[in-house]
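S.K.:
Numbering (UniProt numbering), first residue to last: 1 to 373.
#1: Quick check: the Cα distance between residue 120 and residue 61, rounded to an integer number of angstroms?
#2: Can you name the start and end residues of the beta strand (DSSP E) that residue 318 belongs to?
#3: How would you write the range of the beta strand (DSSP E) that residue 329 sits in, first residue to last?
#4: Using only the alpha-carbon positions, how far apart do residue 346 and residue 24 sit?
#5: Which of helix, strand or coil does DSSP assign to residue 222?
#6: Would you mind stating whether residue 301 and residue 293 have Cβ atoms separated by less than 8 Å?
#7: Can you tell which of 213, 67, 225 has its C-alpha closest to the C-alpha of residue 310?
#8: Residue 296: which of 316, 265, 305 sits nearest, CA to CA?
#9: Using three-state DSSP, classify residue 439 as helix, strand or coil.
#10: Decide if residue 139 is buried, meaning its Cβ has at least 16 other Cβ atoms within 10 Å, or exposed.
#11: Considering only residues of the same chain and omitting the five flanking positions on each side of residue 299, which have a CB-CB separation below 6 Å?
#12: Identify whether residue 107 lies in helix, strand or coil by the three-state DSSP scheme.
#13: Alpha carbons only, please: which of 216, 237, 207 is nearest the one belonging to residue 223?
#14: Excluding the five sequence neighbours on either side, which residues of its own chain have a C-beta within less than 7 Å of the C-beta of residue 234, listed in chain order?
#15: Counting pairs of beta carbons, one from the stretch 186-204 and one from the stretch 109-124, are three or more of them closer than 8 Å?
#16: So is residue 87 buried or exposed if we call it buried at 16+ other beta carbons inside 10 Å?
#17: In chain order, which alpha helix (DSSP H) runs of at least 4 residues are fully inside the stretch 248-310?
#18: Quick one: grab the DSSP three-state call for residue 131.
#19: Have a look at residue 163 and residue 55 and give me their C-alpha separation to the nearest angstrom.
#20: Taking contact to mean at least 3 C-beta pairs separated by less than 8 Å, is the stretch 90-108 in contact with the stretch 138-155?
#21: Going by CA-CA distance only, name the one from 333, 13, 323 that's closest to residue 220.
#22: Does the stretch 75-86 come close enough to the stretch 29-36 that 3 or more CB-CB pairs lie under 8 Å?
#23: Can you tell me whether residue 203 is helix, strand or coil according to DSSP?
#24: DSSP on residue 62, reduced to helix/strand/coil?
#25: Would residue 166 pass as a contact of residue 178 if the rule is Cβ separation under 8 Å?
#26: On the three-state DSSP scale, how would you describe residue 144?
#27: Can the beta-carbon of residue 318 be found less than 8 Å from the beta-carbon of residue 90?
#28: On a Cα-Cα basis, can you pick out the residue from 175, 16, 85 that is closest to residue 38?
#29: Please work out which residues of its chain come closer than 7 Å, Cβ to Cβ, to residue 65, disregarding the five sequence neighbours upstream and downstream, and give them in chain order.
#30: When burial is assigned at 16 or more other CB atoms within 10 Å of the CB, is residue 229 buried or exposed?
#31: Is residue 165 helix, strand or coil when you go by DSSP?
#32: Taking the alpha-carbon of residue 48 as reference, which of 336, 355, 320 has the nearest alpha-carbon?
#33: When the Cα atoms are used, what is the spatial distance from residue 351 to residue 46?
#34: Going straight from the alpha carbon of residue 147 to that of residue 248, what length do you get?
#35: Tell me whether residue 13 is buried or exposed, calling it buried when 16 or more other Cβ atoms sit within 10 Å of its Cβ.
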């Protein structure tokens, strides 16, 4: 009787296992391709100087102190699959990571930090023809009050970053800034950062031919720069932000603290006055936002966190940039709740189907046994 029952249930077990394996493969692999395939580069005039760039922020790789091992595995797999799928599908030339690469960068010792670096470059490896650029965030080396030359130096060496860096790519200028160096108090980072911003400002003005300059100060043809940093420019709150990846309404009403949720108004005015940017892209808040600053006539995009740990519906920016124009589109990633819902519905269906089949076969066995008697 038991043997006969086992023979009848064996096909059911095989079907259930195959179905669950299929669901697992879909949720952990194909869902990323299905969702990210729907993203497109923004429409833009054809130009040999066009740059295809992706902007992500706040990956927050967990360290040895916070989070369960499964939490770490789950989130890192999600970021790895999203990143590698996006790179394979859309083939960007440049990728910018806008701070908080690490969740515990300010706390870990040398060995754990080296492990952090290896994990980051493993998860976010790029093929030939795609360059990765990084700006630091407060979780990478600490807020301004925790800044230390050692923490700054080791991050800068590991990720080839600096307090202020000017990149020239196909005639477009990108200014990568360490937000924690914008305190304006003359600290070991703040004074050199201010001097560097002043120098870049002078070079841009020379390129614009606002003044007579030696050749060493000229950058080439003038183009308004693009500022990339971790902290947003000064704003009172996220209340004017909208979109599926913006903050929940209750968070939008919270007032931002200068130098904590955003840089100070003084630093914002300084950047807009000195650099006259056409675009600012940043992160830090974990929520998306698009704001137009009338004072500097500049668009600002705040990129939400790349990790499910901080955002159920994360996204990243895709931009086509040339010296004369820029166009930005947003790419939404798979939502964690959607993936969990697929798992939950699949398990419920398996249970219902299994109970139905087992009951049907039990009735059949009883009838068959009764008939044999």
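Ideal Cβ positions, reconstructed from N, Cα and C, are used throughout, including at glycine.
M.R.: Judging by the given coordinates:
#1: Translated into positions along the chain shown, residue 120 becomes position 120. Translated into positions along the chain shown, residue 61 becomes position 61. Cα to Cα, the separation comes out at about 8 Å.
#2: In the chain shown, counting from the first residue as 1, residue 318 sits at position 318. Here the beta strand (DSSP E) through residue 318 covers 315-321.
#3: As a position in the chain shown, residue 329 is number 329, starting the count at 1. Unbroken beta strand (DSSP E) run through residue 329: 326-332.
#4: Here residue 346 refers to the residue found at position 346 when the chain shown is read from its first residue. Here residue 24 refers to the residue found at position 24 when the chain shown is read from its first residue. Approximately 10 Å, taken between the alpha carbons.
#5: Taking the chain shown and counting its residues from 1, the one referred to as residue 222 is at position 222. Three-state DSSP puts residue 222 in coil, outside helix and strand.
#6: On the chain shown, position 301 is the one that residue 301 refers to. On the chain shown, position 293 is the one that residue 293 refers to. Using a Cβ distance threshold of 8 Å, residue 301 and residue 293 do not count as a contacting pair.
#7: Start at 1 with the first residue of the chain shown, and residue 310 comes out as number 310. Comparing Cα-Cα distances from residue 310 to each of 213, 67, 225, the minimum goes to 67.
#8: To locate residue 296, count along the chain shown from 1; it is residue 296. Nearest C-alpha to residue 296: 265.
#9: No answer is possible for residue 439: the residues shown for the chain start at 1 and end at 373.
#10: Within the chain shown, numbered from 1, the residue matching residue 139 stands at position 139. Under this definition residue 139 is a buried residue.
#11: Looking up residue 299 in the chain shown gives position 299. So the qualifying residues of the chain are 279, 292.
#12: Within the chain shown, the letter at position 107 stands for residue 107. Coil.
#13: The count along the chain shown starts at 1 and reaches residue 223 at position 223. Nearest of 216, 237, 207 to residue 223, Cα basis: 207.
#14: What you label residue 234 is simply residue 234 of the chain shown in a count that begins at 1. Excluding positions up to five away in sequence, the list reads 258, 262, 263, 264, 265, 268.
#15: no
#16: For the purposes of this step, residue 87 is taken as the residue at position 87 of the chain shown. So residue 87 ends up on the buried side.
#17: Runs found: 249-252, 265-275.
#18: Your numbering for residue 131 matches position 131 in the chain shown. If DSSP states are grouped into helix, strand and coil, residue 131 belongs with the strands.
#19: In the chain shown, counting from the first residue as 1, residue 163 sits at position 163. In the chain shown, counting from the first residue as 1, residue 55 sits at position 55. If I take the Cα positions, the gap works out to 19 Å.
#20: Output reads yes: the stretch 138-155 touches the stretch 90-108.
#21: Along the chain shown, one-based indexing puts residue 220 at 220. Of the listed residues, the one whose Cα sits closest to residue 220 is 323.
#22: yes
#23: Here the question's residue 203 lines up with position 203 in the chain shown. Helix.
#24: Here residue 62 refers to the residue found at position 62 of the chain shown. If DSSP states are grouped into helix, strand and coil, residue 62 belongs with coil.
#25: As a working mapping, residue 166 is identified with position 166 in the chain shown. As a working mapping, residue 178 is identified with position 178 in the chain shown. No; because the gap between Cβ atoms is not below 8 Å, this pair is not in contact.
#26: Within the chain shown, numbered from 1, the residue matching residue 144 stands at position 144. Here residue 144 sits in helix by DSSP.
#27: In the chain shown, counting from the first residue as 1, residue 318 sits at position 318. In the chain shown, counting from the first residue as 1, residue 90 sits at position 90. Taking 8 Å as the Cβ cut-off, residue 318 and residue 90 qualify as a contacting pair.
#28: Within the chain shown, numbered from 1, the residue matching residue 38 stands at position 38. With distances taken between Cα atoms, residue 38 lies closest to 85.
#29: Taking the chain shown and counting its residues from 1, the one referred to as residue 65 is at position 65. Closer than 7 Å at the Cβ level, and outside the excluded window around residue 65, lie 104, 107.
#30: Reading the chain shown from its first residue, position 229 is the one you call residue 229. It is buried - the Cβ of residue 229 has at least 16 other Cβ atoms within 10 Å.
#31: Here residue 165 refers to the residue found at position 165 when the chain shown is read from its first residue. Residue state, collapsed to three classes: strand.
#32: Counting from 1 along the chain shown, the entry for residue 48 is found at position 48. The option with the nearest alpha carbon to residue 48 is 320.
#33: By one-based count along the chain shown, residue 351 stands at place 351. By one-based count along the chain shown, residue 46 stands at place 46. Approximately 55 Å, taken between the alpha carbons.
#34: Taking the chain shown and counting its residues from 1, the one referred to as residue 147 is at position 147. Taking the chain shown and counting its residues from 1, the one referred to as residue 248 is at position 248. Distance between the alpha carbons of residue 147 and residue 248 is about 31 Å.
#35: Here residue 13 corresponds to residue number 13 of the chain shown, with the count starting at 1. With fewer than 16 other Cβ atoms inside 10 Å of its own Cβ, residue 13 counts as exposed.
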